[in-house]
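Shown next, in structure tokens, is the structure this report addresses.
Protein chains: 2
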Amino acid sequence: MKIGILGLGLIGGSLGYDLRSQGYHVLGVTRRRSTCERAIALGIVDAASVDMNLLATAEVVFICTPIALIIPQLQQLMNYLPLTTVITDVGSVKTPIVQAIAPLWKNFVGGHPMAGTTDSGVEAAQRDLFLNKPYVLTPDATTPQTAISVLEKIVRSLGANLYFCSPQEHDQAVSLISHLPVMVSAALIASAMNETDPQVLQLAQNLASSGFRDTSRVGGGNPELGVMMAQYNRQALLSSLQQYRQNIDELTNLIQQENWAALELKLQSTAQARPNFVE
Amino acid sequence: MKIGILGLGLIGGSLGYDLRSQGYHVLGVTRRRSTCERAIALGIVDAASVDMNLLATAEVVFICTPIALIIPQLQQLMNYLPLTTVITDVGSVKTPIVQAIAPLWKNFVGGHPMAGTTDSGVEAAQRDLFLNKPYVLTPDATTPQTAISVLEKIVRSLGANLYFCSPQEHDQAVSLISHLPVMVSAALIASAMNETDPQVLQLAQNLASSGFRDTSRVGGGNPELGVMMAQYNRQALLSSLQQYRQNIDELTNLIQQENWAALELKLQSTAQARPNFVE
């Protein structure tokens with residue numbers, strides 16, 4: 044089977060490595076000729092081109108561009124493909140993507156492989172990036188079962204943990220566990236930065252250790268990525284932030300009221316719940 | 044020089060190891076006879092007793108009990124010591140401790156070694172626990188310089204990074220970098236737990252990875268410790284929480300207003316500020 048990959052960065056390149064080693068014939072299209080050459084040299088693709096026409100014979104195409112380019116790239120790509128081609132994407136937000144593409148391409152299934160590193164570009168691509176990592180597919184009621192089955196088989200061949208859900212469920216879940224943490228963590232850094240007593244600020248900088256390090260990590264990450272999450276997942280993130288603010292207010296009120304028994308119950312409940320999410 | 048340690052848990056025990064290897068004669072007092080025997084067997088102390096009278100000949104005494112016991116234990120200890128003995132503590136909040144003890148004991152200097160592990164008890168004690176870690180001393184205007192100098196020399200012998208500040212400055216700084224993160228992180232877990240759609244909750248549990256893991260770590264920690272921080276550092280923590288809520292509201296408003304340029308500037312500022320605190 045021929046599989047096309049549009050966009051040969053970290054995700055597209057890593058898909059190429061694994062799909063080729065599963066025996067698929069991989070065709071890559073990317074905007075720079077130098078990336079095509081590099082992808083061939085690295086063994087990421089069997090063939091590469093800057094011309095989308097290369098993908099005309101692929102049975103499945105993965106769109107692996109940055110999220111802002113997924114819809115415009117699909118609109119171009121459509122002109123080169125037979126209607127039977129199954130198209131998927133790897134964008135980290137699904138509702139706006141699926142809503143825009145579903146009316147344009149029947150055999151489209153939204154996807155989100157939840158794997159990555161802080162590096163990007165074709166040189167960052169690596170084998171087994173998706174192994175034992177979640178990979179979400181978000182078909183809707185109109186998605187043909189054949190398209191879902193084809194993709195399911197490919198995703199399972201990557202060794203990923205496959206989940207199916209609606210685009211809305213996906214976006215609400217990633218809002219809670221991925222996008223909300225960025226805002227929570229950024230607000231923590233901002234609060235420490237805002238300290239007006241220069242002696243205390245200096246001392247806070249000297250004394251900060253693992254607790255501050257871990258809690259502030261994602262809030263000190265790539266600002267463009269943070270904005271992208273907020274832009275594309277705005278409604279779900281606003282709803283998560285509202286829920287979050289209620290919890291901050293509840294904790295603040297318990298401390299204000301010196302209701303230590305209730306505060307301990309609340310902290311017990313979070314300590315008990317955390318292992319359901321991680322570890 | 045003879046140094047007394049009251050309370051032979053993780054901190055008291057670790058102090059014992061390092062002070063003995065610096066050549067100090069270390070006397071330990073703890074409530075359980077079995078802990079005395081264990082401390083001697085481990086080489087943490089030169090002598091140990093359940094009787095505070097053992098500390099009568101010490102020139103310096105470290106109170107290493109849980110924070111709630113520092114003041115009551117000092118009130119007992121006073122009866123056994125000459126007025127020249129320098130007393131310090133290792134409590135993680137300083138204002139209420141120093142305010143209570145300063146009128147009772149002239150040669151008292153509040154202290155806070157910022158080192159630890161998740162384990163506790165004498166078996167958890169380890170050598171070099173304080174090496175390259177912050178150690179804060181909080182003398183006030185009335186503290187005799189001789190008492191400060193004696194302690195300074197001992198703390199430096201541990202290889203710790205010594206800082207001096209007022210109890211209030213200490214408490215405001217640790218509120219920002221240690222106590223606020225616990226509440227911020229607990230509220231994140233609570234928000235994810237509160238998800239009312241069971242499908243989304245299950246999905247969030249399946250998809251949570253490193254971002255959620257790091258941001259939720261300290262909010263999933265020891266509930267009693269979280270309550271203790273809030274109890275003893277209530278005013279500073281409430282002030283930090285108020286500052287924090289303003290930052291959450293600011294981020295929420297920027298997302299609500301789709302002011303992506305301002306959101307990017309805000310996230311750039313947090314990304315730039317974080318290295319001033321950690322790494």
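Going down the list, the sequences are from chains A and B. Take 44 as the starting number for the first sequence in the numbering used here and just add one per residue. Take 44 as the starting number for the second sequence in the numbering used here and just add one per residue. Each residue gets a CB set at the ideal place from its N, CA and C atoms; glycine is no exception.
State buried or exposed for residue i, treating a residue as buried only when at least 16 other CB atoms are found within 10 Å of its CB.
i: G264(B); result: buried
i: D132(B); result: buried
i: S64(A); result: exposed
i: N175(A); result: exposed
i: T127(B); result: exposed
i: Q188(B); result: exposed
i: S253(A); result: exposed
i: S57(B); result: buried
i: T160(B); result: exposed
i: V93(A); result: exposed
i: G134(B); result: buried
i: S283(A); result: buried
i: L308(B); result: exposed
i: P241(A); result: exposed
Counting only C-beta atoms, is residue i closer than 7 Å to chain A at any point?
i: A216(B); result: yes
i: E212(B); result: yes
i: V261(B); result: yes
i: Q286(B); result: yes
i: N237(B); result: yes
i: Q248(B); result: yes
i: N319(B); result: yes
i: M157(B); result: yes
i: V141(B); result: no
Do residue j and residue i count as a contact pair if the criterion is CB distance below 7 Å?
i: D183(B); j: A279(B); result: no
i: L97(A); j: V136(A); result: no
i: L147(B); j: P177(A); result: no
i: G55(B); j: I46(B); result: no
i: I106(A); j: L281(B); result: no
i: L172(A); j: A190(A); result: no
i: I113(B); j: I140(B); result: yes
i: M44(A); j: L294(B); result: no
i: G262(A); j: T108(B); result: no
i: Q341(B); j: N319(A); result: There is simply no residue 341(B) to check, as chain B begins at 44 and stops at 322 in what is shown.
i: V243(A); j: Y206(A); result: no
i: N360(A); j: S218(A); result: No answer is possible for residue 360(A): it lies beyond the span of chain A, which begins at 44 and ends at 322.
i: L306(A); j: V270(B); result: yes
i: Q286(B); j: N237(A); result: yes
Measuring alpha carbon to alpha carbon, tell me which residue in the options is nearest residue i.
i: E195(B); options: V103(B), V72(B), P115(B) and R317(B); result: V103(B)
i: Y60(A); options: I110(A), G154(A) and E166(A); result: E166(A)
i: G211(B); options: G153(B), L117(B) and L231(B); result: The displayed chain sequence assigns Gln, not Gly, to residue 211(B). When each option's Cα is compared against that of Q211(B), the closest is G153(B).
i: R74(B); options: F151(B), L51(B), G56(B) and L85(B); result: L51(B)
i: L85(A); options: A247(A), G66(A) and R170(A); result: R170(A)
i: V193(A); options: S163(A), V227(A) and F151(A); result: F151(A)
i: T258(B); options: V321(A), Q285(A) and I144(A); result: V321(A)
i: I144(B); options: A168(B), M157(B), A158(B) and T181(B); result: T181(B)
i: I291(B); options: A247(A), F255(A), S234(A) and Q248(A); result: S234(A)
i: M121(B); options: V217(B), M95(B), E80(B) and F173(B); result: M95(B)
i: I110(A); options: M272(A), Q242(A) and Q245(A); result: M272(A)
i: T186(A); options: C208(A), I197(A) and S200(A); result: C208(A)
i: P125(B); options: A99(B), P139(B) and D89(B); result: A99(B)
i: P224(B); options: I220(A), S221(A), H222(A) and A229(A); result: A229(A)
i: A316(A); options: S312(B), P115(B), P241(B) and I232(B); result: I232(B)
i: S221(A); options: V227(B), H222(B) and R256(B); result: R256(B)
i: Q311(A); options: H155(B), A101(B), Y67(B) and L268(B); result: L268(B)
i: A304(A); options: A101(B), P266(B) and L284(B); result: P266(B)
i: R81(B); options: Y67(B), M236(B), V270(B) and A168(B); result: A168(B)
i: H68(A); options: D89(A), Q116(A), I83(A) and T78(A); result: D89(A)
i: A79(B); options: G164(B), Q119(B), K149(B) and T138(B); result: Note on identity: in this sequence residue 79(B) is Cys, with Ala being the wrong assignment. If we check each option's Cα against that of C79(B), G164(B) comes out closest.
i: G202(B); options: T239(B), A216(B), P156(B) and D162(B); result: P156(B)
Does the beta carbon of residue i sit closer than 7 Å to a beta carbon anywhere in chain B?
i: Y178(A); result: no
i: V243(A); result: yes
i: T181(A); result: no
i: W148(A); result: no
i: L194(A); result: no
i: L231(A); result: yes
i: I54(A); result: no
i: E307(A); result: yes
For a test of your reading of the model: does the CB of residue i fall under 6 Å from any non-hydrogen atom of the ligand NAD? Yes or no.
i: T127(A); result: For the structure depicted, the ligand NAD is absent and the ligand set is empty, with no information on it obtainable.
Could I get the ranges of all uninterrupted beta strand (DSSP E) runs contained in the segment 174 to 207 of chain A, with 3 residues as the minimum, in chain order? Complete beta strand (DSSP E) runs here, min 3: 177 to 181 and 204 to 207.
Tell me the start and end of each unbroken beta strand (DSSP E) in the segment 67 to 145 of chain A that is at least 3 residues and wholly inside, in chain order. Runs of beta strand (DSSP E) with 3 or more residues, each lying fully within the segment 67 to 145 of chain A, are found at 68 to 72, 90 to 92, 103 to 106 and 129 to 132, listed in chain order.
Which full runs of the alpha helix (DSSP H) of 4+ residues lie inside the segment 261 to 286 of chain B, going along the chain? Runs found: 266 to 275.
Can you give, in chain order, each stretch of the beta strand (DSSP E) that sits fully within the segment 230 to 255 of chain A and has at least 3 residues? The qualifying runs do not exist here; there are none.
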